[in-house]
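J.:
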Amino acid sequence: MSNQIKVEVASICQVAPTIREFTLEAIDDELYPFSPGAHVVVEMPSAKKIYKNAYSLLSDPADTNRYRIAVRLQETSRGGSIYMHEQVKVGDQLLISPPSNLFSPFWLAKKHLMLAGGVGVTPFMSYIPEMLRRNTDFELHYMYRSLQTGAYKNELSEQLGDKYFGYDSDRHTRCDVTELLSQQPLGTHIYICGPESLIQAVEEAAQTLGLPASVIHSEEFAAPKPGMPFIAEIKSSGKQVEVSAEDSLLEALEASDISVPNLCRGGVCGQCVCTVEEGDIDHRDQYLSDDEKAAGNAIMPCVSRAAGERLVLDI
Amino acid sequence: MRVAPKEVETFRDDFTYSNSPEAIKRFPFPFPEDEYRYSVNMEPHTPKGGEGSAYEHFLDIDEHYLSEMTERKLVLDAMPHRCLAMDHMELACWDMLERLMTSLAEDYSDYFKLTIEGDQWTWENKLLNIHDTFTFGDSSTLPKPPLEYIGCQVQGDFALLDQRDGDLFLDAGMVTCPADWSLAFDAGMSFKEWHGPVPMAHNEGIFERALKYLTAMQVGSPIRRLNWTLTVNARMDTSPETYHEWGHERTSVTPDNVGEKVYLRVEVQVMDRMPRSNALMFIIRTYLISLEDIATNPEWAKRMHRTMKTLPAPLIEYKGLSRYHSMVVDYLSQFDPAN
Ligand code: HEM
Ligand code: FES
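Residue numbers (the numbering used here), protein chains in the order written: chain A, 1 to 315; chain B, 1 to 339.
#1: Which residues in the same chain have their Cβ closer than 7 Å to the Cβ of residue 170(A), if we skip the five residues on either side of it in sequence?
#2: With a cut-off of 8 Å, do at least 3 Cβ pairs link the segment 282-300 of chain B to the segment 239-251 of chain B?
#3: In the DSSP assignment, find the alpha helix (DSSP H) that holds residue 299(B) and state where it starts and stops.
#4: How long is the line joining the alpha carbons of residue 320(A) and residue 124(B), rounded to whole angstroms?
#5: Is residue 277(B) close to chain A, meaning its C-beta is less than 8 Å from at least one C-beta of that chain?
#6: What's the call for residue 228(A), buried or exposed, on a 16-neighbour Cβ count within 10 Å?
#7: Taking CB distances under 8 Å as the criterion, tell me whether residue 117(B) reaches chain A.
#8: Give a yes or no on whether the C-beta atoms belonging to residue 186(B) and residue 240(B) are separated by under 8 Å.
#9: Going along chain B in order, which residues have a C-beta closer than 7 Å to the C-beta of residue 287(A)?
#10: I'd like the list of long-range same chain contacts for residue 308(A), defined as Cβ closer than 8 Å, with 5 residues on each side in sequence excluded.
#11: When DSSP labels each residue in this structure, what does residue 309(A) get in the three-state scheme?
#12: What is the DSSP secondary structure of residue 45(B), reduced to helix, strand or coil?
#13: Taking only three categories from DSSP, how would you classify residue 279(B)?
#14: Can you list the residues of chain B that residue 32(A) reaches, using a CB-CB cut of under 8 Å?
#15: Examine chain B for any beta-carbon lying closer than 8 Å to the beta-carbon of residue 268(A), and answer yes or no.
#16: Would residue 222(B) and residue 35(A) qualify as a contact pair, given that the criterion is a beta-carbon distance under 8 Å?
#17: Under the rule that 16 or more other beta-carbon atoms within 10 Å means buried, what is residue 52(A), buried or exposed?
#18: My output table needs one value for residue 121(B): the three-state DSSP class, helix, strand or coil.
#19: Return the CA-CA distance between residue 141(A) and residue 166(B), expressed in angstroms with no decimal places.
#20: So, at 6 Å on beta carbons, what are the nonlocal neighbours of residue 191(A) in its own chain, with the 5 sequence-adjacent residues on each side left out?
#21: Please indicate yes or no: does the CB of residue 264(A) lie closer than 7 Å to some heavy atom of the ligand FMN?
#22: With a threshold of 8 Å between beta carbons, is residue 302(A) in contact with chain B?
#23: Please state whether DSSP places residue 93(B) in a helix, a strand or coil.
#24: Please state whether DSSP places residue 199(A) in a helix, a strand or coil.
#25: Under DSSP, the alpha helix (DSSP H) around residue 129(A) begins and ends at which residues?
#26: When you measure from the CB of residue 300(A) to every non-hydrogen atom of the ligand FES, does any distance come out below 7 Å?
#27: So which residues on chain B does residue 3(A) lean against when the C-beta distance must stay under 7 Å?
#28: Using DSSP with H/G/I as helix, E/B as strand and the rest coil, what is residue 1(B)?
#29: Are at least three pairs of beta-carbons, each pair with one atom in the segment 270-287 of chain B and one in the segment 215-231 of chain B, less than 8 Å apart?
#30: Do residue 177(B) and residue 145(B) have their C-beta atoms closer together than 8 Å?
#31: Residues of the segment 35-47 of chain B in Cβ contact with chain A at a cutoff of 8 Å, in chain order, please.
#32: Can the beta-carbon of residue 40(B) be found closer than 8 Å to that of residue 268(A)?
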């Protein structure tokens with residue numbers, strides 16, 4: 001992807017037993033300013049494959065000289081966090097996406113109630129400076145296990161005073177979510193970032209209390225879905241186009257001098273539609289209707305891929 | 001830039017607005033096909049058409065710059081509510097100011113200069129003789145609020161959309177040359193709400209797809225689309241607020257004057273994600289060209305004849321062309337004998 005930004009790891013620090021913080025600085029271009037709740041997708045070129053993971057930016061958005069991200073070591077995950085913890089050193093270069101935001105504060109809210117679980121505190125690290133600047137009403141409720149997580153708890157507690165509430169489950173202090181939600185004034189918006197179980201608990205409590213779903217916001221990362229390599233065969237010429245895990249089908253076709261009309265390159269405009277003669281499709285576009293997708297004879301190559309190892313395209 | 005700003009011409013009363021031959025040549029002609037239908041016609045806003053083209057830069061400053069800035073001032077003096085920004089859009093307004101200033105200074109360095117020292121910014125606009133130093137982020141250091149300040153120095157209308165719950169809300173903007181819609185009326189509305197009056201497109205799922213695309217847009221990857229309508233006389237401000245001044249002009253079109261009186265009005269719409277606020281900026285850059293001037297390009301005249309002739313009735317009605325559409329088709333038919 002051409003709009004990626006090359007950054008250098010300026011410093012690394014252990015901010016909790018399983019969490020490392022990385023400070024990233026731009027090499028060629030300047031870094032974009034970013035908005036509270038924004039994340040970047042970091043590309044990790046391990047020997048086996050390129051991992052792409054999304055991490056929230058946790059610095060003050062007003063500081064555009066550097067980005068900070070925090071990575072929790074997840075032994076069971078796809079391996080990106082292991083790479084970050086074990087391979088990445090100060091001075092290394094990484095490619096990141098421009099910041100994007102799927103977890104922006106709802107600024108019209110009367111009050112902001114933030115619920116963080118473990119490393120899920122990170123997006124709130126960029127909320128808080130802007131909320132302080134805007135002088136809005138907020139509270140941070142931070143749930144962690146001090147033997148593993150709990151990054152930034154001391155500085156947050158110091159900075160926020162009575163707006164900060166910490167719960168350490170390794171010391172048996174727990175947050176009664178239903179009780180907490182029931183005390184909130186009308187017009188409060190609730191933000192959750194943490195494990196699925198926390199999100200569920202909050203959603204259930206909200207439902208019990210009759211809070212509308214529109215005041216509950218949770219962070220879901222839409223990191224680019226990993227793609228498997230596959231072969232696209234061109235019916236007219238018999239040409240075999242190899243599509244790597246990183247490239248879109250459209251990019252691979254273009255690289256083989258096969259031009260397909262396209263506009264948005266994001267699966268909405270409909271320009272790039274191609275007829276599929278053979279092979280199962282992993283549809284990822286917003287353009288084709290459910291019926292068309294089920295029929296399985298059209299693909300939007302700018303975003304969609306083969307579900308198997310091979311596709312035959314009628315072009 | 002090949003087309004330098006020329007002296008002030010008018011978009012009202014005596015309508016002295018005109019296009020030079022160069023301006024005609026670079027006009028963003030909007031019809032790639034013989035039939036016009038609504039579609040999700042969005043593409044990356046990257047340079048196209050080479051030096052001097054209307055798509056050469058992020059913002060297009062052309063020979064009508066001074067005229068449009070004069071016209072904008074007339075509108076805002078009479079109707080200050082044509083520019084508005086809700087409180088929560090303050091940061092988005094600064095985003096917009098930053099984006100416009102940096103791109104103007106980069107692309108048109110003869111006319112605009114931006115000097116940044118920490119949060120002390122100095123802005124020079126040599127075309128309008130503006131030279132101000134201010135503190136970025138502090139509205140009290142600017143002569144006018146940020147959106148209004150920069151909006152009055154750039155051609156085109158502006159809207160800033162707040163993104164919430166996967167939708168966009170029209171919560172700030174400066175709209176002095178709309179094709180018959182009102183910012184005050186649409187303020188606070190969601191994407192589907194403000195598009196309510198548009199025929200056909202809702203059923204075809206066009207707005208659903210467009211909204212999905214817009215809410216997923218990333219910083220640094222602006223996109224554009226074209227929209228068009230027809231306007232009687234070279235009037236920029238065809239707003240509902242001033243309908244009483246221009247609505248009746250539609251009846252003044254005759255077979256004899258249609259070529260000079262009717263203008264093709266093209267909007268180059270640019271959408272760009274704002275980094276600090278996560279708002280979406282929407283720029284509507286309006287270009288006007290008379291049918292007569294279009295006819296200087298036989299290919300355009302022929303193409304436009306075909307699009308006008310096959311325009312669906314609901315679009316003729318919605319775009320307000322009913323009274324003179326047939327005269328337009330008749331006039332253009334002379335350039336398309338085969339049809
Ligand atoms: C987010 C930025 C956008 C804003 C602020 C905006 C605003 C508007 C407004 C105010 C109107 C006039 C509606 C009326 O009659 O009252 C309009 C018309 C329309 N819009 Fe948008 N729009 C946006 C994006 C888009 C996009 C991305 C599409 C892509 C399909 C689109 C398609 C249309 C169409 C087809 C019309 C009818 C135009 C005509 O036939 O003259 N708009 N828009
Ligand atoms: S290029 Fe738009 S859907 Fe593929």
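Note that the Cβ used here is the ideal one computed from N, Cα and C, for glycine as well.
T.: According to the data block:
#1: The residue given as residue 170(A) occupies position 170 in the first sequence. Shown here for residue 170(A): same chain residues with a beta carbon closer than 7 Å to its own, the five before and five after excluded, namely 145, 146 and 147 in chain order.
#2: Because the criterion of three Cβ pairs below 8 Å is not met, the segment 282-300 of chain B and the segment 239-251 of chain B do not touch.
#3: Stepping through the second sequence from its first residue, residue 299(B) is reached at position 299. Where residue 299(B) is concerned, the enclosing alpha helix (DSSP H) starts and stops at 298-309.
#4: Absent from the structure is residue 320(A), since the part of chain A shown begins at 1 and ends at 315.
#5: For the purposes of this step, residue 277(B) is taken as residue 277 along the second sequence, with counting starting at 1. Yes, residue 277(B) lies at the interface with chain A (some Cβ there is under 8 Å from its Cβ).
#6: Reading the first sequence from its first residue, position 228 is the one you call residue 228(A). When all chains shown are included, residue 228(A) counts as exposed.
#7: As a position in the second sequence, residue 117(B) is number 117, starting the count at 1. No - not a single Cβ of chain A is within 8 Å of the one on residue 117(B).
#8: Within the second sequence, residue 186(B) is the residue found at index 186, counting from 1. Within the second sequence, residue 240(B) is the residue found at index 240, counting from 1. Remark: C-beta atoms of residue 186(B) and residue 240(B) do not approach each other more closely than 8 Å.
#9: As a first step, residue 287(A) is located in the first sequence; it is residue number 287 there, counting from the start. Ordered by position in chain B, the residues that pass the 7 Å Cβ test against residue 287(A) are 209.
#10: As a position in the first sequence, residue 308(A) is number 308, starting the count at 1. Here the set comprises 230, 279 and 280.
#11: For the purposes of this step, residue 309(A) is taken as the residue at position 309 of the first sequence. Note: residue 309(A) maps to coil in three-state DSSP.
#12: Start at 1 with the first residue of the second sequence, and residue 45(B) comes out as number 45. If DSSP states are grouped into helix, strand and coil, residue 45(B) belongs with coil.
#13: Numbered from 1 along the second sequence, position 279 holds the residue referred to as residue 279(B). Of the three classes helix, strand and coil, the one that applies to residue 279(B) here is coil, per DSSP.
#14: To locate residue 32(A), count along the first sequence from 1; it is residue 32. Going along chain B in sequence order, the residues near residue 32(A) (Cβ under 8 Å) are 219, 220 and 275.
#15: Position 268 of the first sequence holds residue 268(A). Residue-level contact check: residue 268(A) touches chain B, since one or more beta carbons of chain B fall below 8 Å from its beta carbon.
#16: Position 222 of the second sequence, counted from the start, is the residue given in the question as residue 222(B). Position 35 of the first sequence, counted from the start, is the residue given in the question as residue 35(A). The criterion of a C-beta distance shorter than 8 Å is not satisfied by residue 222(B) and residue 35(A).
#17: As a working note, residue 52(A) is residue 52 in the first sequence. By the 10 Å Cβ count, residue 52(A) comes out buried.
#18: Here residue 121(B) is taken as the residue at index 121 of the second sequence, counted from 1. In the three-state scheme derived from DSSP, where H, G and I count as helix and E and B as strand, residue 121(B) is classed as strand.
#19: Within the first sequence, numbered from 1, the residue matching residue 141(A) stands at position 141. Within the second sequence, numbered from 1, the residue matching residue 166(B) stands at position 166. If you draw a straight line from the Cα of residue 141(A) to the Cα of residue 166(B), it is about 25 Å long.
#20: Working through the first sequence from its first residue, we reach residue 191(A) at position 191. Hits under 6 Å: 114 and 217.
#21: In the structure shown, the ligand FMN is absent; the only ligands present are the ligand HEM and the ligand FES.
#22: The residue you call residue 302(A) lines up with position 302 of the first sequence. Not a single CB atom of chain B sits nearer than 8 Å to the CB of residue 302(A).
#23: What you label residue 93(B) is simply residue 93 of the second sequence in a count that begins at 1. Three-state DSSP puts residue 93(B) in a helix.
#24: For the purposes of this step, residue 199(A) is taken as the residue at position 199 of the first sequence. Looking at residue 199(A) - three-state DSSP - the assignment turns out to be helix.
#25: For the purposes of this step, residue 129(A) is taken as residue 129 along the first sequence, with counting starting at 1. For residue 129(A), the enclosing alpha helix (DSSP H) covers residues 122-134.
#26: Position 300 of the first sequence, counted from the first residue, corresponds to residue 300(A). Residue side-chain check: residue 300(A) places its Cβ nearer than 7 Å to a non-hydrogen atom of the ligand FES.
#27: Position 3 of the first sequence, counting from 1, holds the residue named residue 3(A). Here the neighbours are 220 and 221.
#28: For the purposes of this step, residue 1(B) is taken as residue 1 along the second sequence, with counting starting at 1. Confidence at residue 1(B) is low in this model, with a pLDDT of 48, below 50, so its placement is unreliable and the value that follows should be read with caution. If DSSP states are grouped into helix, strand and coil, residue 1(B) belongs with coil.
#29: When C-beta atoms of the segment 270-287 of chain B are compared with those of the segment 215-231 of chain B, three or more pairs fall below 8 Å, so the two segments count as touching.
#30: Start at 1 with the first residue of the second sequence, and residue 177(B) comes out as number 177. Start at 1 with the first residue of the second sequence, and residue 145(B) comes out as number 145. No, these two residues do not count as a Cβ contact at 8 Å.
#31: Result list: 39, 40, 41, 42, 43 and 44.
#32: In the second sequence, residue 40(B) corresponds to position 40, counting from 1. In the first sequence, residue 268(A) corresponds to position 268, counting from 1. The answer is yes: Cβ separation under 8 Å.
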